[in-house]
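J.:
There are 2 protein chains.
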Amino acid sequence: MLRFYVIKQVGARTLTQANQWQLDPLLAVSPQLRRILRARIICHDLKPAGSISETDLGKMYNVSRQPVREALITLVNEGLVEIRPQRGTFVKRIDLESVLNGRFVREAVEADIVAKVAKRPSATLMADLRAQLKAQRLCKKGSANHFIELDEHFHHTLADAAGMHKVWDFLESTKLQMDRVRFITFEEFPTQTLIQQHEVIVDCIESASPARAQTAMRKHLREILAVLPEVLARYPDYFDNVEAMQS
Amino acid sequence: MLRFYVIKQVGARTLTQANQWQLDPLLAVSPQLRRILRARIICHDLKPAGSISETDLGKMYNVSRQPVREALITLVNEGLVEIRPQRGTFVKRIDLESVLNGRFVREAVEADIVAKVAKRPSATLMADLRAQLKAQRLCKKGSANHFIELDEHFHHTLADAAGMHKVWDFLESTKLQMDRVRFITFEEFPTQTLIQQHEVIVDCIESASPARAQTAMRKHLREILAVLPEVLARYPDYFDNVEAMQS
DNA sequence: ATCTACATACTTGTATGGCAGTGCGCAAGT
DNA sequence: ACTTGCGCACTGCCATACAAGTATGTAGAT
Chain A
0 MLRFYVIKQV GARTLTQANQ WQLDPLLAVS PQLRRILRAR IICHDLKPAG
50 SISETDLGKM YNVSRQPVRE ALITLVNEGL VEIRPQRGTF VKRIDLESVL
100 NGRFVREAVE ADIVAKVAKR PSATLMADLR AQLKAQRLCK KGSANHFIEL
150 DEHFHHTLAD AAGMHKVWDF LESTKLQMDR VRFITFEEFP TQTLIQQHEV
200 IVDCIESASP ARAQTAMRKH LREILAVLPE VLARYPDYFD NVEAMQS
Chain B
0 MLRFYVIKQV GARTLTQANQ WQLDPLLAVS PQLRRILRAR IICHDLKPAG
50 SISETDLGKM YNVSRQPVRE ALITLVNEGL VEIRPQRGTF VKRIDLESVL
100 NGRFVREAVE ADIVAKVAKR PSATLMADLR AQLKAQRLCK KGSANHFIEL
150 DEHFHHTLAD AAGMHKVWDF LESTKLQMDR VRFITFEEFP TQTLIQQHEV
200 IVDCIESASP ARAQTAMRKH LREILAVLPE VLARYPDYFD NVEAMQS
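In order, the protein sequences belong to chains A and B. Just so we're aligned: the first sequence equals residues 0 to 246 in numbering that gives the first Met the number 0. Just so we're aligned: the second sequence equals residues 0 to 246 in numbering that gives the first Met the number 0.
1) For A:Gly57, which of helix, strand or coil comes out of DSSP?
2) Entirely within the segment 71–134 of chain A and at least 4 residues each: give me those alpha helix (DSSP H) ranges in chain order.
3) Using a C-beta cutoff of 7 Å, does B:Thr15 count as contacting chain A?
4) For a contact defined as C-beta to C-beta under 7 Å, what are the partners of A:Ala27 on chain B?
5) State the Cα-Cα distance for the pair B:Arg217 and B:Ala110, rounded to the nearest angstrom.
6) Could you name the residues of chain B that A:Asn76 contacts, counting a contact when the two beta carbons are closer than 7 Å?
7) Closest to A:Val201 by CA distance: which of A:Ile93, A:Leu124, A:Asp94 and A:His145 is it?
8) Is any beta-carbon of chain A found at less than 7 Å from that of B:Asn61?
9) Taking the alpha carbon of A:Val28 as the point to measure from, which residue in A:Ile51, A:Arg64, A:Ala126 and A:Asp178 has its own alpha carbon closest?
10) Taking Cβ positions only, does B:Met216 come closer than 7 Å to chain A?
11) What's the gap between the Cα of A:Ala160 and the Cα of A:Lys115?
12) Alpha carbon to alpha carbon, how far is B:Pro47 from B:Phe169?
13) Which chain A residues sit within Cβ distance under 7 Å of B:Thr173?
14) Using only the alpha-carbon positions, how far apart do A:Val241 and B:Pro235 sit?
15) Which residues, in order along the segment 79–103 of chain A, keep a beta-carbon less than 7 Å from a beta-carbon of chain B?
16) Is A:Asp178 close to chain B, meaning its C-beta is less than 7 Å from at least one C-beta of that chain?
17) Cα-Cα, which of A:Arg33, A:Phe188 and A:His219 is closest to A:Val199?
18) By Cβ distance below 6 Å, which residues in the same chain neighbour B:Phe188 in space, the five residues on each side in sequence not counted?
19) Can you list the residues of chain A that B:Lys118 reaches, using a CB-CB cut of under 9 Å?
20) Closest to A:Gln85 by C-alpha separation, out of A:Ser52, A:Gln195, A:Glu77 and A:Ser172, would be which residue?
21) What is the rounded straight-line gap between the Cα of A:Arg92 and the Cα of A:Asp239?
22) To the nearest angstrom, report how far apart B:Gln135 and B:Phe146 are at their CA atoms.
23) What are the residues that DSSP puts in a beta bridge with A:Asp269?
24) In terms of residue numbering, what span does the alpha helix (DSSP H) encompassing B:Asp178 cover?
25) In terms of residue numbering, what span does the alpha helix (DSSP H) encompassing A:Met216 cover?
26) Between A:Ser121 and B:Thr173, what straight-line distance do the alpha-carbon atoms span, to the nearest angstrom?
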């Protein structure tokens, strides 16, 4: 049976919105459910390989099965849920190959982004980035979810600076996979290391060194590979396709 | 009012499947509708900014509103459709910024892919690529849709060779945007130029030159930028966000 | 002539019922 | 003890009905 306990903040992109886990009766149900269920899956409140039936979820939120179903279908497209017809609906395990390939995509794209930005760094951008670094350093070690939000904002800023406002949307499905991993480590993330890498990246941008900025960004985005084996060993049941770890 | 005329082949990924525009009563309706409607939008059988009501589509295919609705929701997530509650459902215009940003993403990713492949080219891969080039050269000038299929297969092969089987899935939404543009030009695509670029890429891979392969791939994927202005001038009503053409 | 109010014909959103496929347990036969 | 067959509870899929918001055209009042 599904359990339901309230956590105020979850995920990076949706941190700023309040009432993450409650339905606002004034708004349409289906999009709200999509966000709620996505958040619950990412933070493993809904366990990988767990079964979630349309009926149960409908009862839980006091809505009919239809909006639940529509929400689940979108989650299928995002690779978070698997619907086996006439059999059941299940939370997908974290597909390791998707995580690795998604990371590859993100590295390629963000490397090009930071290179483009470093070609002609603007003064206002540099001021913004420096301020963000300051805020990241001030972020307390315990509040990992707050840091995730700042990190997300940092990378998003770079994409915007490159004039690629829509790129972040394209990368959303890849980030989802990585976020599921990131949420396991969560509190013990090497915050200091990541901030230092951010600083290196900003330095490279400021000195207008596209090539160096690119390598710095690539190194930064490979950091998740370091924690992966440990996470995988600790939560083997959460993962799928583990044999694809040769890359 | 919506019109419905049968075209056997549309889109690149789905070319091999027969009966693209007919419903198979044995399979589930909703996924079939998703593919059909997506194909009809990409090839502009359903015109940009045109209205498509759930009821009409349901009558057209002799199914109820529900599966139609589910298909449309997935198309919303793919950026092909816009649902305005209580107002109507419309085919989205081709968002120029999404096209450009999607192309940027694809260039970044495929550049890294081809570089990785060129580091250690295998003999069997080279044989495969050479055979594909041969098939491309044999492709008649008229059958542009067949060439699109071959082109798609070519790029997919490289991704697989890099061990990135899931990357293509991540790129699907970006490709959708580009395909809508590509389908306008369609018959007059510079097939010979593209094949020559493919040959250059394969040569670079064979000589194990990652850097040169990367630049060749980048040049290849910038080809669409050349035709964009003309297409845009000829079908201005199909496009949106045209002022973003400074990039 | 102009503006307002309302009836009406749309649209999408949600709820509900029936259908068909699936898996599991239990019971009967081997 | 093992296998086989049936029944039942469960699932998601689809059709239908109802609800609620929106645009539009028209009749009436000003």
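Cβ atoms here follow ideal geometry from the backbone N, Cα and C, with glycine treated the same way.
T.: Concretely, from the data shown:
1) helix
2) 95–118
3) For B:Thr15, the predicted structure reports a pLDDT of 38, less than 50, and the residue's modelled location is therefore unreliable. The matter cannot be settled from this model.
4) Pro84
5) 6 Å
6) Thr73 and Asn76
7) A:Leu124
8) no
9) A:Arg64
10) no
11) 9 Å
12) 24 Å
13) Near B:Thr173 (Cβ distances below 7 Å), the residues of chain A are Phe169.
14) 49 Å
15) Pro84, Glu96, Ser97, Asn100, Gly101 and Phe103
16) no
17) A:His219
18) Correct list, in chain order: Ala143.
19) None at all; the shortest Cβ gap to chain A is about 13 Å.
20) A:Ser52
21) 6 Å
22) In a straight line, the C-alpha of B:Gln135 is about 7 Å away from that of B:Phe146.
23) This structure does not reach residue 269 of chain A, given that chain A is present from 0 up to 246, and the question cannot be answered.
24) Val166 to Thr184
25) Pro209 to Leu220
26) Distance between the alpha carbons of A:Ser121 and B:Thr173: 28 Å.
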